[in-house]
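As you go down the protein sequences, you meet chains A and B in turn.
Numbering follows numbering that gives the first Met the number 0, with no gaps: position 299 of the first sequence is 298.
Numbering follows numbering that gives the first Met the number 0, with no gaps: position 193 of the second sequence is 192.
Report on the structure given below.
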Amino acid sequence: MSATGTTRGGRRAVRLVSRREFVERIRDRGFQISTSITLLILVGLIVASSFTKPGATYALGTQASSDVIRSIGNEVSSAGDAQGVHVGISSVDSQAEAERLLRDGTIDAAIVEGEHGPVILVQSSPPDQLVGLVQVVARTALARDALANEGVAPKHLEAALDQRPLAVRSLEPPDPHAKSNSAVAFVGVLLLYGQLFGYGFWVATGVVEEKSSRVVELLLSAIRPSELLTGKIVGIGLLGLLQLTLMATIALFVSNAVGLLTFPAGALGAAGLVIVWFAIGFAFYSTLFAVAGSLVSRQEDLQNTMTPISLVILASFFVSIGALSSPDAPLVKLASFLPPSAPLAMPPRLILGSATPAQAVLSAAISIASTVGMIRIASRIYASAILRTGRVGLREVWRSRRTTDQATGVRST
Amino acid sequence: MLELVDVSRRFRDVVALDGVSFSAPQGQMVGFVGPNGAGKTTAMRIVLGVLEADRGEVRWRGRPVDAEARRRFGYMPEERGLYPKMRVLDQLVYLGRLHGLDATEAPAAARRCVEVLGVPDRVREPVQQLSLGNQQRVQLAAALVHGPDLLVLDEPFSGLDPVGVDVLTGVLREQVEAGVPVVFSSHQLELVERICDSVVLIAHGRVVASGSIEELRSRGDRRLVRVECADAAPGWEEMVAGARVIERFTGGAVFELDGGTPPDAVLDAARGAGTVTAFSVVRPSLTEIFREVVAG
């Protein structure tokens, strides 16, 4: 098989096909609407997340009839503030009222009178941070009461109870951007997954459209299958890149405007990573999607041939979500070098600082090399399946001689 | 001139083409006829490079066809197909460019084409919104837009009303007069007989007859005469020696002459039976030749 675009006519054909794919799709009303909706959702998410305060917020109910409980509540609130946890106190008149507020979700926990002193009331599983805070404060308060009852002078009492907490010393200095990096990596993985799957699916449906409308025979009387395939992938891929760049630019701009990200350099780098890895991943997956499309003649049958590819992308996506919390896990490390999963797993590792640039280059090289191999296999299958009708078996088209490429090829040169 | 030389192709165990050779000279309209499954579409696809031949060669202007030459061919596949959601004019410009027209030639050529074929006011609409008849016209425009050196049309007349047939015939005639060889397949044999300069008859993957219509019609060994005879006694036809009745109609019959029988023998017998009002030597129609060679 002669490589695509080796002749001037071949390059011209690829350019014409890719331009048609790009222009026809960007003109499509459905595409314009879905892009606008995606952008609106993205901007909405960013703006909404800028309104939520950093740190946790809890509501604690305290039984008003007990002085001890009231004072515990106040101490919890101020102890929380010191730790960056906001605890709002609302007083309740009875245990019954506390239960009602817990059930309707107004409060997260309540301190009420029990038979043997104060009891923490929660709806089901207790919110650990809040309950921990209450336990510490309550133990101190109860100890203070007990010691005061034993006649310890208030002066000694405060000195005895006011102990410094243990100092924490980290082996590695904490990354001040860790939280926002993780958020950026999450958005990046989500975007990559969406774009790879969405645009890959477009390649598959585009192939089926040409097959089901029969226009493919007309096209193949003018150009070679490999030129048609390459042009389609390049055109749709460029549109995907453009859309991704647009989304990244707007996301960065809006984030900056609402003050969510204060590290434009890092976010810019992350956006660049996502765009580059989309290109690498799309080159790999789009050929597979094209094969899936070429094996069927109707859009309804596409689901069957696409399922294996969808599963691989989905599995890669889940591994990459796992990479957000444990970027150094062995499975994640492995996945970041394997061609099908690397485009999704490598970017979060890079953004979280778990992989070195050299590793990224190696992973990209593995992906690109295997993509070259994939393209050869895929265009052979595509070329012999594209003119057949009905559901075509993979083995059958692999064995069959190519129907077209050679015949339209450059026999004379 | 387009030449197919000993072209063969099999699909698994089925031999679709078995050493097919024929040619379409400059300025000729060639009808490509044969029963269903004879190999017409396969042969056309091989000419266009959509399929590959197992053996044999397609030659254009004396040289093996290459991609460059094929780009200058115009094709209408049997399975009609255009991008349903793409606008008519955009589609024609795109196809014109794939066939080698540049960015300024293609739009002009596409406009010219839709004007000639009579769909100029619908060119901004997607193809799927056009009537079937108009879609057919756009399909023809797709084959013509780049001003091809050769036209290959698979069943171009199927589904056309008589007016459509006349329009298409006129368009193809113009192409032929401009020196473009036109090859088309059809089941409408009367039409082929009427408009083609030559015919290639194919059956079971082989060319069973080819040549100009005149050659084909006079080629057969059968000699037929047609006689109209007023007030002859019923059954007189059976009395004619050396000839056999192959068709009877009111007031006359068609005879096939045996080996040495001269046509006069039938005329003399008819004169004896009644008043002869018409007498002619009949050449077999394409349909008759078709039946004969396909059955034999």
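Think of the CB as a built atom: it goes at the ideal place given N, C-alpha and C, for glycine as much as any other residue.
Note that this is a predicted model, so its numbers are computed, not measured.
- In this chain, the beta strand (DSSP E) harbouring T274 of chain B covers T274 to V281.
- In the assembly as shown, S64 of chain A is an exposed residue. Its beta-carbon has fewer than 16 other beta-carbons within 10 Å.
- G113 of chain A carries a strand assignment under DSSP once its states are collapsed to helix, strand and coil.
- In terms of Cβ geometry, A97 of chain A and Q134 of chain A do not form a close pair [threshold 8 Å].
- For H98 of chain B, there is no enclosing beta strand (DSSP E), since its DSSP letter is neither H nor E.
- Close CB contacts of L285 of chain B within its chain, under the 8 Å cut and outside five residues either way in sequence, are with V32, L188, E189, V191, E192, V198, I212, L215 and R216 (chain order).
- For E23 of chain A, the chain B residues whose C-beta falls within less than 7 Å of its own C-beta are M85, listed in chain order.
- By the neighbour-count definition (other C-beta atoms within 10 Å, threshold 16), I36 of chain A is an exposed residue.
- As the crow flies, the alpha-carbon of T40 of chain B is around 7 Å from that of E77 of chain B.
- Non-local beta-carbon contacts of R143 of chain A in its own chain, meaning distances under 7 Å to residues more than five positions away in sequence, involve L156 and L160 in chain order.
- In its chain, beyond the 5 residues on either side, Q194, Y198, F277 and F281 have a beta carbon closer than 7 Å to the beta carbon of G239 of chain A.
- Residues of the segment 60-72 of chain B with a C-beta atom less than 9 Å from some C-beta of chain A are R62, P63, V64, D65, A66, E67, A68, R69, R70 and F72, listed in chain order.
- Assigned with DSSP and collapsed to three states, Q134 of chain A falls in helix.
- Sequence-ordered contacts of the segment 3-18 of chain B with chain A are nonexistent [C-beta pairs closer than 8 Å].
- At a cut-off of 8 Å between beta-carbon atoms, E78 of chain B makes contact with chain A.
- Residue B:G38 holds the alpha-carbon nearest to the alpha-carbon of V19 of chain B among B:G38, B:G80 and B:F10.
- Contact note: L237 of chain A does not reach chain B at a C-beta cutoff of 8 Å; the least C-beta distance is about 17 Å.
- Distance between L217 of chain A and I380 of chain A, taken at the CA atoms: about 19 Å.
- R11 of chain A sits in a helix when the DSSP states are folded into three classes.
- Secondary structure note for D17 of chain B: its beta strand (DSSP E) is the uninterrupted segment V13 to A23.
- Within chain A, no C-beta atom comes less than 8 Å from the C-beta of L100 of chain B; the nearest is roughly 10 Å away.
- A straight-line Cα-Cα distance of about 14 Å links Y93 of chain B and P125 of chain B.
- In the DSSP assignment, E114 of chain B falls within the unbroken alpha helix (DSSP H) covering E104 to L116.
- Cβ neighbours of P24 of chain B within its own chain (closer than 7 Å, five residues either side excluded): M0 and P180.
- The C-alpha of R19 of chain A is placed about 10 Å away from the C-alpha of V13 of chain A.
- For H155 of chain A, the three-state secondary structure derived from DSSP is helix.
- Distance from the Cα of G99 of chain B is smallest, within the candidate group A:R24, A:E23 and A:V16, for A:V16.
- Among the residues of the segment 122-155 of chain B, those with a Cβ less than 8 Å away from any Cβ of chain A are A141, in the order of the chain.
- DSSP places M85 of chain B in the coil class of the three-state scheme, outside both helix and strand.
- At a cut-off of 8 Å between beta-carbon atoms, V396 of chain A makes no contact with chain B.
- For the segment 184-198 of chain A, there are no residues whose beta carbon sits under 8 Å from a beta carbon of chain B.
- Between the segment 270-277 of chain B and the segment 231-251 of chain B there are three or more C-beta pairs closer than 8 Å, enough to call the two in contact.
- Using a Cβ distance threshold of 8 Å, F72 of chain B and V151 of chain B count as a contacting pair.
- In the structure shown, the three-state DSSP call for P339 of chain A is coil.
- The beta carbon of F183 of chain B sits closer than 7 Å to the beta carbons of G30, F31, L152 and P155 from its chain, once the five residues preceding and following it are set aside; these are given in chain order.
- Using a Cβ-Cβ cut-off of 8 Å, L97 of chain B counts as an interface residue toward chain A, since at least one Cβ of chain A sits closer than that to its own.
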